[in-house]
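The sequence shown begins at 1 in UniProt numbering and counts up one residue at a time.
Reading through the structure tokens given below for one structure.
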Amino acid sequence: MTYDLTADHAARFARIALGHVTREYPHKADHVMTGDADVYTPRAVHPIFYGSFDWHSCVHGYWLLARVRRLFPDLAEAAAIDALFADAFTPAKVEAERAYLDRPSARGFERPYGWAWLLMLAAELVQAGSPHAATLRPLADAFVARFRDFLPLLTYPVRAGQHANTGFALVLAVRYAEVAGDTALRGLLTERAHGWFGADRDAQAWEPSGEDFLSPILMEATAMAALLPRAAFARWFAAFLPRVAAREPAALFTPATVSDRSDGKIAHLDGLNLSRAWAFHSLAAAIDAPETQAILRDAADRHLAASLDAVAGDYMGEHWLASFALLALGDRPALS
Numbered sequence: 001m002t003y004d005l006t007a008d009h010a011a012r013f014a015r016i017a018l019g020h021v022t023r024e025y026p027h028k029a030d031h032v033m034t035g036d037a038d039v040y041t042p043r044a045v046h047p048i049f050y051g052s053f054d055w056h057s058c059v060h061g062y063w064l065l066a067r068v069r070r071l072f073p074d075l076a077e078a079a080a081i082d083a084l085f086a087d088a089f090t091p092a093k094v095e096a097e098r099a100y101l102d103r104p105s106a107r108g109f110e111r112p113y114g115w116a117w118l119l120m121l122a123a124e125l126v127q128a129g130s131p132h133a134a135t136l137r138p139l140a141d142a143f144v145a146r147f148r149d150f151l152p153l154l155t156y157p158v159r160a161g162q163h164a165n166t167g168f169a170l171v172l173a174v175r176y177a178e179v180a181g182d183t184a185l186r187g188l189l190t191e192r193a194h195g196w197f198g199a200d201r202d203a204q205a206w207e208p209s210g211e212d213f214l215s216p217i218l219m220e221a222t223a224m225a226a227l228l229p230r231a232a233f234a235r236w237f238a239a240f241l242p243r244v245a246a247r248e249p250a251a252l253f254t255p256a257t258v259s260d261r262s263d264g265k266i267a268h269l270d271g272l273n274l275s276r277a278w279a280f281h282s283l284a285a286a287i288d289a290p291e292t293q294a295i296l297r298d299a300a301d302r303h304l305a306a307s308l309d310a311v312a313g314d315y316m317g318e319h320w321l322a323s324f325a326l327l328a329l330g331d332r333p334a335l336s
């Protein structure tokens with residue numbers, strides 16, 4: 001079976017996100033307290049992104065809504081999305097979110113996963129021609145500045161399969177750079193990717209770890225596909241994963257087993273299956289060999305089959321997995 005994004009998928013994902021982006025509790029904070037004055041309640045310090053269990057999941061919940069609103073303008077949920085956005089994206093609320101970053105203890109706040117997702121949301125609003133794009137711009141600018149300051153300091157990439165993964169952040173950040181026409185940011189992302197990943201060869205896929213939702217190998221490859229010229233990427237990819245024709249490393253092509261979807265960390269593995277599907281499709285579109293494209297697309301479909309139905313049912317997955325399903329189904333380039 002080949003999976004494509006349909007209006008039914010979009011409506012289901014929209015209903016899921018509408019059900020959690022304004023759900024304040026339960027809440028997991030990325031917040032450093034330096035005294036009693038820093039006591040935290042989500043809505044007080046994050047007037048937009050207080051829902052969805054944590055800040056970054058709320059951000060990509062809004063991205064999901066912006067994307068399905070653009071791709072399927074006739075959805076029954078469109079009016080609810082419009083009303084939500086009108087209430088959320090006001091100058092005062094955006095400034096409150098931006099001002100939080102001025103806290104001395106917030107230097108590492110949501111780095112780099114939340115940074116990248118905020119830029120992905122900003123890019124989607126720009127692509128939609130939304131008036132909210134200009135309203136959100138000061139917050140996007142703040143995270144662009146953080147990327148520019150931080151990336152030169154990151155001597156080594158983070159290759160873990162969770163939020164700190166460098167490759168995933170590069171993929172999302174370059175999307176914003178291209179949509180916003182920020183050539184300086186794109187140049188920095190390209191330079192750092194070359195330095196971190198350019199000499200990598202014959203990747204050994206010691207994955208997944210038990211709490212991964214990203215594939216370190218595939219995120220690195222997807223970042224290089226997004227940043228390198230097509231011919232240069234083909235050469236790099238052939239050396240990086242030289243045994244794709246044999247579907248090796250086998251662990252990379254085998255969907256993860258999820259034993260307990262009520263456990264928030266184990267449920268990460270559904271996200272791994274969905275993010276791998278997205279990566280496989282993106283890589284297939286970045287190369288010209290039909291046989292390799294077919295192998296990668298088959299791997300994508302098998303990973304989607306393993307976890308697509310798990311996007312709802314338990315809040316530990318429901319507060320975020322639909323965003324990754326949307327990446328896998330509707331945020332991938334078409335094959336040429």
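Idealized CB from N, CA, C, for every residue including glycine.
The structure displayed is predicted, hence computed values, not measured ones.
Using DSSP with H/G/I as helix, E/B as strand and the rest coil, what is Phe89? On the sequence shown, position 89 is the one that residue 89 refers to. Coil at Phe89, not helix or strand.
Would the region 237-245 and the region 260-269 be scored as touching if the rule is three or more Cβ pairs under 8 Å? Contact between the region 237-245 and the region 260-269 is not established, with fewer than three Cβ pairs separated by less than 8 Å.
What residue range does the alpha helix (DSSP H) around Ile295 cover? Taking the sequence shown and counting its residues from 1, one reaches residue 295 at position 295. First-last of the alpha helix (DSSP H) with Ile295: 290-307.
Should Gln293 be labelled buried (16 or more other beta-carbon atoms within 10 Å of its own) or exposed? Here residue 293 corresponds to residue number 293 of the sequence shown, with the count starting at 1. Buried, by the Cβ-count rule.
Can you give me the start and stop residues for the alpha helix (DSSP H) that His31 sits inside? Counting from one through the sequence shown, the residue named residue 31 turns up at place 31. Counting along the chain, His31 falls outside any alpha helix (DSSP H), and DSSP gives it neither H nor E.
Let me know if Ser336 comes out buried or exposed under the rule of 16 or more other beta-carbons within 10 Å of its beta-carbon. Numbered from 1 along the sequence shown, position 336 holds the residue referred to as residue 336. Here Ser336 scores only 32 on pLDDT, less than 50, and its place in the model should not be relied on; the value that follows carries that caveat. It is exposed - the Cβ of Ser336 has fewer than 16 other Cβ atoms within 10 Å.
Measuring alpha carbon to alpha carbon, tell me which of Ser262, Ala10, Leu272, Asp301 ends up nearest His281. Counting from 1 along the sequence shown, the entry for residue 281 is found at position 281. When only C-alpha atoms are compared, the closest one is Asp301.
Going by beta carbon distance, what residues of the same chain come within less than 6 Å of Ala312, once the five residues before and after it are set aside? In the sequence shown, the residue the question calls residue 312 occupies position 312. Excluding positions up to five away in sequence, the list reads Ile16, Glu318.
Tell me the rounded alpha-carbon separation between Ile217 and Tyr176. For this step, residue 217 is matched to residue 217 along the sequence shown. For this step, residue 176 is matched to residue 176 along the sequence shown. Their Cα atoms are separated by approximately 23 Å.
Report the rounded CA-to-CA distance for Leu139 versus Met120, giving the unit in angstroms. By one-based count along the sequence shown, residue 139 stands at place 139. By one-based count along the sequence shown, residue 120 stands at place 120. The straight-line gap from Cα to Cα measures roughly 12 Å.
Look up Gly317 in the DSSP assignment and say whether it is helix, strand or coil. Counting from 1 along the sequence shown, the entry for residue 317 is found at position 317. Gly317 sits in a helix when the DSSP states are folded into three classes.
Under DSSP, the alpha helix (DSSP H) around Ala245 begins and ends at which residues? Within the sequence shown, the letter at position 245 stands for residue 245. It is not in any alpha helix (DSSP H) - Ala245 carries neither H nor E in the DSSP assignment.
Beta-carbon gap between Ser215 and Ser275 smaller than 8 Å: The residue you call residue 215 lines up with position 215 of the sequence shown. The residue you call residue 275 lines up with position 275 of the sequence shown. Contact flag set, yes.
Is it true that the region 148-160 meets the region 127-138, where meeting means three or more beta-carbon pairs spaced less than 8 Å apart? For the pair of segments examined, the region 148-160 was found not to touch the region 127-138: the number of CB pairs separated by less than 8 Å stays below three.
Would DSSP call Asp331 helix, strand or coil? Numbered from 1 along the sequence shown, position 331 holds the residue referred to as residue 331. Coil at Asp331, not helix or strand.
Straight-line gap, Glu110 to Ala234 (C-alpha atoms, nearest Å): Here the question's residue 110 lines up with position 110 in the sequence shown. Here the question's residue 234 lines up with position 234 in the sequence shown. Taken atom to atom, the span from the alpha-carbon of Glu110 to that of Ala234 is near 33 Å.
Checking 8 Å against the spacing of the C-beta atoms, do Ile287 and Phe237 come in under that value? Here residue 287 refers to the residue found at position 287 when the sequence shown is read from its first residue. Here residue 237 refers to the residue found at position 237 when the sequence shown is read from its first residue. A distance below 8 Å separates the beta carbons of Ile287 and Phe237.
Tell whether a beta-carbon distance below 8 Å holds between Asp82 and Asp54. Working through the sequence shown from its first residue, we reach residue 82 at position 82. Working through the sequence shown from its first residue, we reach residue 54 at position 54. No.
So Leu75 and Ala128 are in contact, right, with Cβ under 8 Å, and what is the actual spacing, rounded? Here residue 75 refers to the residue found at position 75 when the sequence shown is read from its first residue. Here residue 128 refers to the residue found at position 128 when the sequence shown is read from its first residue. Going by Cβ atoms, the distance from Leu75 to Ala128 rounds to 14 Å, so no, they are not a contact pair.
How many whole angstroms separate the CB atoms of Phe213 and Gln162, which I take to be in contact at a CB cut-off of 8 Å? Position 213 of the sequence shown, counted from the first residue, corresponds to residue 213. Position 162 of the sequence shown, counted from the first residue, corresponds to residue 162. About 6 Å separates the two Cβ atoms, so the contact holds.
Leu329 and His9 - do their beta-carbons sit closer together than 8 Å? Numbered from its first residue, the sequence shown carries residue 9 at position 9. Numbered from its first residue, the sequence shown carries residue 329 at position 329. Yes, they are a contact pair.
Between the CA atoms of Asp141 and Leu151 - distance to the nearest angstrom: Here residue 151 refers to the residue found at position 151 of the sequence shown. Here residue 141 refers to the residue found at position 141 of the sequence shown. When only Cα atoms are considered, Leu151 and Asp141 end up about 15 Å apart.
Indicate whether Leu272 and Ala205 have their beta-carbon atoms separated by less than 8 Å. Taking the sequence shown and counting its residues from 1, one reaches residue 272 at position 272. Taking the sequence shown and counting its residues from 1, one reaches residue 205 at position 205. No. Outside cutoff.
So the candidates are Val94, Gly35, Ala66; which of them puts its Cα closest to the Cα of Ser105? As a working mapping, residue 105 is identified with position 105 in the sequence shown. With distances taken between Cα atoms, Ser105 lies closest to Gly35.
Considering only residues of the same chain and omitting the five flanking positions on each side of Val45, which have a CB-CB separation below 8 Å? As a first step, residue 45 is located in the sequence shown; it is residue number 45 there, counting from the start. Closer than 8 Å at Cβ, skipping near neighbours: His31, Ala96, Tyr100.
For Gly187, count the other beta carbons within 10 Å of its own beta carbon; 16 or more makes it buried, fewer makes it exposed. Which is it? To locate residue 187, count along the sequence shown from 1; it is residue 187. Burial check for Gly187: the Cβ neighbour count within 10 Å stays below 16, so the residue is exposed.
Cβ shell of Thr222 (< 6 Å), same chain only, five flanking positions each side left out: The sequence position of residue 222 within the sequence shown is 222, counting from 1. So the qualifying residues of the chain are Val171, Ala279, Ser282.
Spatially closest choice to Phe168 from Gly181, Ala116, Thr257, by CA coordinates: On the sequence shown, residue 168 is found 168 positions in, with the first residue counted as 1. Measuring from the Cα of Phe168, the nearest candidate turns out to be Ala116.
Along the chain, where does the alpha helix (DSSP H) that runs through Val126 open and close? Sequence index remark: in the sequence shown, residue 126 carries index 126 (1-based). Its alpha helix (DSSP H) spans residues 113-127.
Span of the alpha helix (DSSP H), counted from its first residue to its last, around Pro138: In the sequence shown, residue 138 corresponds to position 138, counting from 1. Segment 132-150, the alpha helix (DSSP H) holding Pro138.
Which residue from Asp200, Pro26, Pro255, Ala231 puts its Cα closest to that of Leu241? The residue given as residue 241 occupies position 241 in the sequence shown. The shortest Cα separation from Leu241 among Asp200, Pro26, Pro255, Ala231 belongs to Asp200.
In whole angstroms, give me the CA-to-CA distance for Gly108 and Gly114. Residue 108 sits at position 108 when you count from the first residue of the sequence shown. Residue 114 sits at position 114 when you count from the first residue of the sequence shown. Put simply, the backbone Cα of Gly108 is about 10 Å away from that of Gly114.
Ala306 versus Val144 - alpha carbon distance: The residue you call residue 306 lines up with position 306 of the sequence shown. The residue you call residue 144 lines up with position 144 of the sequence shown. If I take the Cα positions, the gap works out to 35 Å.
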